[in-house]
Amino acid sequence: MSKLDFIVIGEGEESILELARGECSRADIKGIAYRDGSRTITTGVRPFTDVNTLPLPARHLIPLGRYRALGMPISMTSSRGCPFHCIFCVGRKMVGAKVRYRNAGSVADEIQYLRTLGFHQINLADDLFTANKKHCHDVCDEIIRRNLNVKWTSFARVDTVSTDVLVKMKAAGCQAVSFGIESANARILKTIKKGITLKQVVDAINMCNTAGIMPHASFILGLPGETPETIRETVDFGLEMKKLGLSYGFHLLAPFPGTEIRDRCDHYGIKIMTNDWSRYHANRAIVETPATNQAMMDAIVIKWENEYNNELDHIKKRIATGEATAKEAEPLVNLERIILIYDLMMDRMIEKRGTWHQTGPEADKDPLKTLASRLHASVNVPLDRIYITLKSAVEHNSLKLLRTGTEFRWEWVDYL
Numbered sequence: 442m443s444k445l446d447f448i449v450i451g452e453g454e455e456s457i458l459e460l461a462r463g464e465c466s467r468a469d470i471k472g473i474a475y476r477d478g479s480r481t482i483t484t485g486v487r488p489f490t491d492v493n494t495l496p497l498p499a500r501h502l503i504p505l506g507r508y509r510a511l512g513m514p515i516s517m518t519s520s521r522g523c524p525f526h527c528i529f530c531v532g533r534k535m536v537g538a539k540v541r542y543r544n545a546g547s548v549a550d551e552i553q554y555l556r557t558l559g560f561h562q563i564n565l566a567d568d569l570f571t572a573n574k575k576h577c578h579d580v581c582d583e584i585i586r587r588n589l590n591v592k593w594t595s596f597a598r599v600d601t602v603s604t605d606v607l608v609k610m611k612a613a614g615c616q617a618v619s620f621g622i623e624s625a626n627a628r629i630l631k632t633i634k635k636g637i638t639l640k641q642v643v644d645a646i647n648m649c650n651t652a653g654i655m656p657h658a659s660f661i662l663g664l665p666g667e668t669p670e671t672i673r674e675t676v677d678f679g680l681e682m683k684k685l686g687l688s689y690g691f692h693l694l695a696p697f698p699g700t701e702i703r704d705r706c707d708h709y710g711i712k713i714m715t716n717d718w719s720r721y722h723a724n725r726a727i728v729e730t731p732a733t734n735q736a737m738m739d740a741i742v743i744k745w746e747n748e749y750n751n752e753l754d755h756i757k758k759r760i761a762t763g764e765a766t767a768k769e770a771e772p773l774v775n776l777e778r779i780i781l782i783y784d785l786m787m788d789r790m791i792e793k794r795g796t797w798h799q800t801g802p803e804a805d806k807d808p809l810k811t812l813a814s815r816l817h818a819s820v821n822v823p824l825d826r827i828y829i830t831l832k833s834a835v836e837h838n839s840l841k842l843l844r845t846g847t848e849f850r851w852e853w854v855d856y857l
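Everything in the sequence shown is counted per this note's numbering, starting at 442 for the first residue and increasing by one.
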């Protein structure tokens, strides 16, 4: 990190702005750290921001059109903070334990603006959207009052949802709620200060089903006290909850700096195997407990990944034989479309293959078919799928043709 100039600690809006303006000494800017010769200087703590004073993100300055082309949901928040004390979570270190709420009108204004940009799916990325029942109702009531007709998802805890809140969320467009369950072992749940019971998990799933909202959950393997038996307990519990309609996934513990579990790893009996931050993606083991090791944990996740891929292969075969229903095929078709567009963007294939000169009768041909053919020479995807994907991008105003004289040039619509 020889080129590292500053670290911004916690929320960055005000600290980064003061740094950019350069109107005062860096020592007077709260909430940053920097090097002064051989010393590391950390300035005072900056108070948390009043979220109702913040402007909307300057989304016009980023190539938002590419995200829209991928069909990904766009993220926003209606609050910051989480009052709970899970020992593995770094979120409250950044945004605090006291939840600060935006007013419902401001939240609805941002949703309305995102709808004008062509985004129909929003991820409400609050640390805990259901932390306060009144806030949930206020936001949902405003969405309903304005008839915003938007689909959205949020994060919740199984002990902060109720049937009335979930029914209201559904009426306002909520499609799915994600819960952190972490483990099915009561002792581990107590150790990590999760503060939930398995009965609350079952109740939350049933309430989601009643409201018509898809329940999703994540489990963390490798927590303090993990053994082969507790892993089996969690895996079996997930399978039982799947019968109730729960979709879920597994992550492996990533003990991020600033978390209690990392600061007190010896106390919690875990061994951190690496400080290579590129490996802190929660998909491979970087922690061991006295009863588990990296190979054991990785094998579980690899098995789960293989089962998922086998399920996708099964759906592919059913699509090929015409046996798959539209509902069954849709997720896979959408995934393949996203992967193709992502690869085209990352490899800059539109920029490399999307411009040509054409004259005479050939110029009357469908330029989109020409583009698909030119890409097909470099992309290992069936020609018809390339064409359908490109056509969808054009129809959604994510890809455009610029024609000047004999030149045909295709471009992504970057800025909205």
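Glycine included, each C-beta is placed from N, C-alpha and C at the ideal position.
Note that this is a predicted model, so its numbers are computed, not measured.
Simplified DSSP state of residue i, which is helix, strand or coil
| i | result |
| --- | --- |
| Glu667 | coil |
| Arg480 | strand |
| Ala765 | coil |
| Pro772 | helix |
| Tyr721 | coil |
| Met655 | strand |
| His692 | strand |
| Leu662 | strand |
| Ile646 | helix |
| Met442 | Residue confidence for Met442 is low, a pLDDT of 46 falling below 50, so the modelled location carries little weight and cannot support an answer. |
| Ile827 | helix |
| Val676 | helix |
| Val835 | helix |
| Ile528 | coil |
| Ile702 | helix |
| Val742 | helix |
| Ser814 | helix |
| Gly686 | coil |
| Ser466 | coil |
| Asp754 | helix |
| Lys640 | helix |
| Arg789 | coil |
| Gly453 | coil |
| Asp807 | coil |
| Asn747 | helix |
| Leu460 | helix |
Proximity of residue i and residue j at Cβ, strictly below 8 Å
| i | j | result |
| --- | --- | --- |
| Ala695 | Ala658 | no |
| Tyr709 | Pro665 | yes |
| Thr864 | Ile528 | Absent from the structure is residue 864, since the part of the chain shown begins at 442 and ends at 857. |
| Val742 | Phe697 | no |
| Val606 | Lys574 | yes |
| Cys581 | Ala617 | no |
| Thr818 | Ile782 | Note that residue 818 corresponds to Ala in the displayed sequence, not to Thr. No, they are not a contact pair. |
| Leu857 | Gly512 | no |
| Glu464 | Arg487 | no |
| Lys611 | Ala645 | no |
| Ala726 | Asp739 | yes |
| Asn544 | Asn493 | yes |
| Leu687 | Asn647 | no |
| Ile450 | Ala474 | yes |
| Glu729 | Lys712 | yes |
| Val536 | Glu452 | yes |
| Ile780 | Ala770 | no |
| Tyr554 | His576 | no |
| Thr847 | Thr811 | no |
| Gly795 | Arg844 | no |
| Ile827 | Leu840 | no |
| Lys640 | Glu623 | no |
| Lys534 | His578 | no |
| Ile470 | Leu460 | yes |
Cross-strand partners of residue i (DSSP beta bridge)
| i | result |
| --- | --- |
| Trp853 | Leu840 |
| Thr845 | Glu848 |
| Thr796 | Arg850 |
| Glu729 | Lys712 |
| Ile448 | Ala474 |
Check: residue i C-beta below 7 Å from any heavy atom of the ligand PLP
| i | result |
| --- | --- |
| Ile528 | Inclusion of the ligand PLP in the displayed structure is not the case, the ligand content being empty and no account of it being possible. |
Sufficient close CB pairs (3 or more, under 8 Å) joining the region 561–581 to the region 589–597:
Using a Cβ-Cβ distance cut-off of 8 Å, the region 561–581 and the region 589–597 are in contact, since at least three pairs of beta carbons, one from each stretch, lie closer than that value.
List in chain order: all unbroken alpha helix (DSSP H) runs of 4+ residues lying wholly within the region 583–638.
Segments of the alpha helix (DSSP H) lying fully in the region 583–638: 604–612, 627–632.
With a threshold of 8 Å, are at least 3 pairs of Cβ atoms found where one atom belongs to the region 787–805 and the other to the region 515–523?
Look at the beta carbons and you see the region 787–805 not touching the region 515–523: under three pairs across the two are nearer than 8 Å.
I'd like the ranges of any beta strand (DSSP E) spanning at least 3 consecutive residues and lying wholly in the region 477–526.
Taking 3 residues as the minimum length, the beta strand (DSSP E) runs contained wholly in the region 477–526 are 480–483, 515–517, in order along the chain.
To test your reading of the DSSP string, which unbroken alpha helix (DSSP H) runs of 4 or more residues are found completely within the region 537–580?
Counting only runs of 4 or more, we get 545–557.
Taking contact to mean at least 3 C-beta pairs separated by less than 8 Å, is the region 668–679 in contact with the region 724–736?
Yes, the region 668–679 touches the region 724–736.
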